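Q: Starting off with a structure, shown below.
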Amino acid sequence: MSESKATFELFEDEAGQYRWRLRHDNGNIVADGGEGYASKQKARQGIESVKNNAAGAEIEEHD
Numbered sequence: 001m002s003e004s005k006a007t008f009e010l011f012e013d014e015a016g017q018y019r020w021r022l023r024h025d026n027g028n029i030v031a032d033g034g035e036g037y038a039s040k041q042k043a044r045q046g047i048e049s050v051k052n053n054a055a056g057a058e059i060e061e062h063d
């Protein structure tokens with residue numbers, strides 16, 4: 001298994017909402033949850049959903 005080149009960051013924003021983002025080792029943000037969550041648990045569930053579903057996701061192109 002290859003070592004990950006990115007880390008999920010879980011944080012509380014200024015409005016008291018929990019958010020996540022995926023940051024590459026080079027510092028770039030490569031993805032984020034796109035919304036605030038009312039609890040840290042819900043934000044963690046969002047991260048787990050991405051981890052479980054994205055690995056096999058297809059690429060869909062729109063022109």
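Going by UniProt numbering, the sequence shown opens with residue 1, and the numbers climb by one from there.
No residue lacks a Cβ here, since even glycine has one placed at the ideal position from N, Cα and C.
Because the structure is a prediction, the values reported are computed rather than measured.
1) With distances taken Cα to Cα, identify the nearest neighbour of Gly46 among Tyr18, Lys5, Asp13, Ser4.
2) Determine which residues share a DSSP beta bridge with residue 112 and list them.
3) Starting from Ala43, trace the alpha helix (DSSP H) both ways and give me its first and last residue.
4) With a CB to CB cut of under 8 Å and the five nearest residues on each side skipped, what residues in its chain are close to Asp32?
A: Checking against the coordinates, here is how it stands:
1) Checked all of Tyr18, Lys5, Asp13, Ser4; the closest Cα to Gly46 is Tyr18.
2) The requested residue 112 is not part of the displayed model; the chain covers only 1 to 63.
3) 40 to 53
4) Arg19, Trp20, Arg21, Leu22
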